[in-house]
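Peer 1: Right, I'll just put the structure down here and ask away after.
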Amino acid sequence: MSSCWYSAQLDNPINRRFVAAYRADNGYDPGQYASGTYLYGEVLFAAIEALKGRIEDKQAFIKALRAVRVDTLRGPIAFDDYGNVVGNIYIRKVERKDGRLVNTPVYTYPNVSQFWTYDPKEFLKQPVYSRDWPPMKAGA
């Protein structure tokens with residue numbers, strides 16, 4: 116079992132097309148790096164399209180990027196107020212399919228932010244995670 120934002124086994128039209136094309140070119144399933152690169156292109160394309168191709172104004176382009184809400188090969192994504200991705204996280208299990216091992220999604224946590232279920236303002240009040248924080252309890 117594992118958790119991840121992507122699996123080549125995700126059953127949506129964008130991912131099916133991407134995986135088929137990737138397999139045709141490479142002979143194997145895409146991983147996180149290949150799918151991530153494609154996803155970044157999807158996000159950039161959505162922002163450029165929203166600006167009708169006029170990306171010369173850097174601040175307008177950044178604003179358009181942060182406003183992106185798009186269906187991608189990993190499912191729907193958006194960005195939070197801090198510029199981080201909000202999207203699905205998949206619990207996957209390894210299975211043998213067509214003679215190869217694959218990560219099959221078995222559960223989806225929808226629209227997960229960097230803060231999980233915590234209130235962002237409360238979370239950000241905490242010290243930065245380090246070897247001293249959170250403090251370790253004696254005997255733990």
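Residue 116 is where the sequence shown starts when you use this note's numbering, and the numbers rise one by one after that.
Where a beta carbon is used, it is the ideal one built from N, C-alpha and C, also for glycine.
All values reported here derive from a predicted model rather than from experimental measurement.
#1: Provide the residue span of the alpha helix (DSSP H) that contains Ala139, from first to last.
#2: Suppose only complete runs of 3+ residues qualify. What are the beta strand (DSSP E) ranges in the region 167-241, listed by chain order?
#3: Using the C-alpha atoms, what's the distance from Leu239 back to Arg246?
#4: Please state if the CB of Asn199 and the CB of Ser122 are separated by a distance shorter than 8 Å.
#5: Taking the beta strand (DSSP E) that Ser150 falls in, what are its first and last residues?
#6: Count the other C-beta atoms from every protein chain shown that fall within 10 angstroms of the C-beta of Ser150, then say buried if there are 16 or more, exposed otherwise.
#7: May I ask you to check if the CB of Pro145 is nearer than 7 Å to at least one heavy atom of the ligand GDP?
#8: To the nearest angstrom, how far is it from the Cα of Tyr197 to the Cα of Gln229?
#9: CA-CA distance, Asn130 and Arg189?
#10: Three-state secondary structure (DSSP) at Ser122?
Peer 2: The answer reads as follows:
#1: Pro128 to Asn141
#2: 185-187, 190-194, 200-212 and 215-227
#3: 18 Å
#4: no
#5: First-last for Ser150: Gln147 to Ala165, but that is the alpha helix (DSSP H), not the beta strand (DSSP E).
#6: buried
#7: You won't find the ligand GDP in this model; it holds no ligand whatsoever.
#8: 9 Å
#9: 7 Å
#10: coil
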